[in-house]
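Number of protein chains: 2
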Amino acid sequence: MRISKLFTKTTKSVPADEVSKNAQLLIQAGFIYKEMAGVYAYLPLGKKVLDNITQVVREEMNAVGGNEISLTALQRKDLWETSGRWSDEVMDVWFKTDLASGGQVGLAPTHEEPLTQLMKGFISSYKDLPVYPYQFQIKFRNELRAKSGLMRGREFWMKDLYSFSRDRAEHEKFYDEMAEAYMRVYARLGLGDLTYKTFASGGSFSKYSHEFQTVSPVGEDKIYISKAKNIAINEEVYTDEVLADLGLSREEMIEETAVEVGNIFTLGTKFSDALDLSYTAEDGSVQKVFMGSYGIGPSRLMGIIAEHFSDDKGLVWPENIAPGKVYLVQIGGDESRKIADELYDELQSKDISVIFDDRDARPGAKFADAELMGIPYRVTVSDRLIENNSYEFTDRKTGQTELLTHDELLAKLD
Amino acid sequence: MRISKLFTKTTKSVPADEVSKNAQLLIQAGFIYKEMAGVYAYLPLGKKVLDNITQVVREEMNAVGGNEISLTALQRKDLWETSGRWSDEVMDVWFKTDLASGGQVGLAPTHEEPLTQLMKGFISSYKDLPVYPYQFQIKFRNELRAKSGLMRGREFWMKDLYSFSRDRAEHEKFYDEMAEAYMRVYARLGLGDLTYKTFASGGSFSKYSHEFQTVSPVGEDKIYISKAKNIAINEEVYTDEVLADLGLSREEMIEETAVEVGNIFTLGTKFSDALDLSYTAEDGSVQKVFMGSYGIGPSRLMGIIAEHFSDDKGLVWPENIAPGKVYLVQIGGDESRKIADELYDELQSKDISVIFDDRDARPGAKFADAELMGIPYRVTVSDRLIENNSYEFTDRKTGQTELLTHDELLAKLD
């Protein structure tokens, strides 16, 4: 992508109406745009990052047998009344609106009810189970406050998978596989070392649910971590009884603030009871389907990654989700322009994604933008460098600069 | 994809609450699910078709210089009041809802206002123009009636691109390029021969807008076509004056019903006036940006393609948007299962997408599903065929069947 063809611009001024670092940096770098509190548009570079995160999550969901679908934003009142969750007393984040043809509909904050209803058309026998539909969807939550940038949205991008199993045993096997799949997602996004499977309060069908919490000073949750066992406990269930249950002692636990970056939950037959999702078992008996839900928000992940991987110069994207691998800076006259053009074409032909700063701008401005946007590697082509047959290669994370020959550069980037 | 891992099922019974053929067929084949009138979920195979159509549109938008972004569903009342389109009298398809923190927001039926406002942060000089941001987004329209399946949704999947140009001349050049890009989209989707660039009513800034109309008996529009000139006129502007203006005579025009599958519109300075989107021209004067809008609905396209490419046995997808290229049917015992498994792996390794009917089901049921789902090529592996070292290859469109050797089969599919 050529910067001259990109309509966004960076800005040095910190947006006055944002208190969160992720929103400040992402807006300054031209990745997102604030429509209103908790509601952000994704600009070209931000869209690429969000797509890259989404693709990592998609691959891991497919790897455990997920079937990708796309449910609807508009929700039937009757379904949610049946489950008892239409009331604003029970679910306090509803947006509701009226149909021109009469009646009220809601904007989906989650999708247990419509998917359970949908599956009634496809599940009747034990042979139809287990199944794991999932989707990426805009979710809506009518939050009273939304000051955390991408980390708490009124409208946000969510992956939700639901498991439909024959019984608890089949469910638990998958639940554990999903916990591992989630940890693979965080590892691939560079958050592996900071993210803990965290015991949280369960429901009628399980003692615990599990959150995935990334340690961060901007977190809204307090967790207690056992580094030795690589697990954590949410403050809400941090009791002597739970510690004993998990074979942990207070002495080994470290208190941290953290951001919830995913959660998995044993729903049991809560929704299959309410909406009557049954199947005929191998022995001929009629059973309720045993369910689980599994959420990850790619937009929130983008927020926490922006918070965590940044420094005083701007963003520092991990290579696999950066909007480009290389930021190519061209400085000087016709000869350097020609060499830079050739390098741009060559890297693209090798499927190395390049953001080419082909603008007529000061070198300092180009370097500053490369840093603010957080592109992993900066390559500079200038008249002086050409004289020495070399390219300047700078690592965004370490700041280290080397002079490389053409072949050395390509070997580095391949 | 193995059918045994796919949770959807086909059904012979026509959904009683659907009058449109596209919704009936797509529901019967397990591609979509009706949440409520005009609101459909996409199941795994339907999601693939929608993604494939989306990708065709994306490639053509990128080819004309589009920058992909993603705007928000929730809309600021104040912006739409500024342009005069918040009122239900002016825009009668609004869904509106209340923020928990106070104030009303709308669900976007289109995005001129928020994008014009957004671009104020990025356009100040003639050097910033032209630019062509676009997005795929769920759009919401509070339709009184929605009986046409995917062809008229209350919630639907839309591509909208907006052009921001220096002046009318620059705008018109791009407008014509977009008309060609749209025709390339329809050609790639197999609708080229049926789709006409159609003159429709313009606005304050242009004599005409242009629709793209696909001839179909289920269309809601009436158009008049000149086959010789390969253009059409919408009934609403079908007058002697317009005919004369376009150098056409009534004699050469054929009346048809048609479905609008896209539209392009010269917005002029309507929104840049209302929201004050200006730039400094090369001569130092301050000018309003000249805008255009360009819409295509991939979900509606999926509906019209399902209507058009179907027969009494079911859907007949064009190869490039089908959810799979091959429907592999396995019949018989262990030997045929082994051969079918090997073929499945081999085709996948060659990036040929296969839906593998590995179920323990009657051959007739498998053949019927292959036809209902509309997969372009059916390949059958059976014990009898193996004895003759052959594979049965059936073309969904023509119904023609051939017996092929392994090498002939691969040559056909490559």
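Chains Z and A supply the protein sequences, listed in that same order.
Going by the working numbering, the final residue of the first sequence carries number 414, and the count climbs one at a time with no gaps.
Going by the working numbering, the final residue of the second sequence carries number 828, and the count climbs one at a time with no gaps.
Using N, Cα and C, we set each Cβ at its ideal position, and we do this for glycine too.
Being a predicted model, the structure only gives us computed values, none of them experimental.
Sort out for me which residues DSSP pairs residue i with in a bridge.
i	result
residue 200 (chain Z)	Z:209
residue 792 (chain A)	A:741, A:808
residue 816 (chain A)	A:807
residue 221 (chain Z)	Z:258
residue 294 (chain Z)	Z:161, Z:264
residue 106 (chain Z)	Z:75, Z:96
residue 311 (chain Z)	Z:314
residue 547 (chain A)	A:481
residue 701 (chain A)	A:693
Using the beta-carbon of each residue, which ones in chain Z are nearer than 8 Å to residue i?
i	result
residue 455 (chain A)	69, 70, 71, 72, 114, 118
residue 466 (chain A)	Chain Z residues near residue 466 (chain A): none, gap ~13 Å exceeds 8 Å.
residue 490 (chain A)	35, 36
For residue i, tell me which candidate among the options has the shortest Cα-Cα distance.
i	options	result
residue 794 (chain A)	A:741, A:801, A:786, A:766	A:741
residue 590 (chain A)	A:610, A:562, A:678	A:678
residue 572 (chain A)	A:805, A:522, A:660, A:603	A:522
residue 50 (chain Z)	Z:345, Z:299, Z:347, Z:314	Z:299
residue 693 (chain A)	A:609, A:664, A:533	A:533
residue 594 (chain A)	A:669, A:743, A:462, A:475	A:475
residue 617 (chain A)	A:681, A:560, A:762, A:437	A:681
residue 115 (chain Z)	Z:156, Z:70, Z:407, Z:126	Z:70
residue 92 (chain Z)	A:507, A:513, A:505	A:513
residue 284 (chain Z)	Z:146, Z:301, Z:401, Z:127	Z:127
residue 186 (chain Z)	Z:165, Z:168, Z:207, Z:215	Z:215
residue 556 (chain A)	Z:129, Z:105, Z:165, Z:397	Z:105
residue 399 (chain Z)	Z:385, Z:29, Z:315	Z:315
residue 478 (chain A)	A:460, A:524, A:588	A:588
residue 66 (chain Z)	Z:134, Z:76, Z:249	Z:134
residue 615 (chain A)	A:649, A:580, A:686	A:649
residue 138 (chain Z)	Z:130, Z:394, Z:160, Z:132	Z:160
residue 46 (chain Z)	Z:335, Z:13, Z:375, Z:230	Z:375
residue 623 (chain A)	A:691, A:661, A:633, A:656	A:656
Suppose you measure from the CA of residue i to the CA of residue j; what does that come to, to the nearest Å?
i	j	result
residue 455 (chain A)	residue 341 (chain Z)	45 Å
residue 469 (chain A)	residue 771 (chain A)	26 Å
residue 31 (chain Z)	residue 494 (chain A)	24 Å
residue 101 (chain Z)	residue 509 (chain A)	12 Å
residue 538 (chain A)	residue 720 (chain A)	45 Å
residue 627 (chain A)	residue 74 (chain Z)	29 Å
residue 503 (chain A)	residue 744 (chain A)	59 Å
residue 526 (chain A)	residue 778 (chain A)	52 Å
residue 707 (chain A)	residue 343 (chain Z)	36 Å
residue 602 (chain A)	residue 397 (chain Z)	44 Å
residue 227 (chain Z)	residue 20 (chain Z)	28 Å
residue 442 (chain A)	residue 799 (chain A)	31 Å
residue 121 (chain Z)	residue 309 (chain Z)	45 Å
residue 377 (chain Z)	residue 335 (chain Z)	23 Å
residue 703 (chain A)	residue 709 (chain A)	20 Å
residue 147 (chain Z)	residue 437 (chain A)	42 Å
Name, please, each residue of chain A whose Cβ falls closer than 7 Å to the Cβ of residue i.
i	result
residue 138 (chain Z)	487, 552
residue 5 (chain Z)	479
residue 47 (chain Z)	482, 483, 484
residue 122 (chain Z)	421, 422, 423
For residue i, go through chain Z and note every residue whose CB falls closer than 9 Å to its CB, in chain order.
i	result
residue 424 (chain A)	Chain Z residues near residue 424 (chain A): none, gap ~11 Å exceeds 9 Å.
residue 458 (chain A)	67, 68, 69, 133
For residue i, go through chain A and note every residue whose CB falls closer than 8 Å to its CB, in chain order.
i	result
residue 389 (chain Z)	Under the 8 Å cutoff, chain A gives no residues; its nearest Cβ is about 34 Å from residue 389 (chain Z).
Residue i touches chain Z at which residues, Cβ-Cβ below 7 Å?
i	result
residue 558 (chain A)	100, 101
Given that residue i touches chain A, what residues does it touch there, using C-beta distances under 9 Å?
i	result
residue 155 (chain Z)	486, 487, 488
Going along the chain, which residues of the stretch 701-725 of chain A sit with their C-beta nearer than 7 Å to a C-beta in chain Z? Per Cβ criterion, the list is empty.
Residues of the stretch 426-442 of chain A in Cβ contact with chain Z at a cutoff of 8 Å, in chain order, please. Of all residues in the stretch 426-442 of chain A, none is placed with a Cβ closer than 8 Å to any Cβ belonging to chain Z.
Name, going along the chain, the residues of the stretch 331-344 of chain Z whose beta-carbon falls closer than 7 Å to a beta-carbon of chain A. When C-beta distances to chain A are compared with 7 Å, every residue of the stretch 331-344 of chain Z stays at or above that value.
Near-chain Z residues of the stretch 501-520 of chain A (beta-carbon distance less than 7 Å), N- to C-terminal order: Legend: CB atoms of the stretch 501-520 of chain A lying less than 7 Å from CB atoms of chain Z belong to residues 509, 510, 511, 513, 514, 515.
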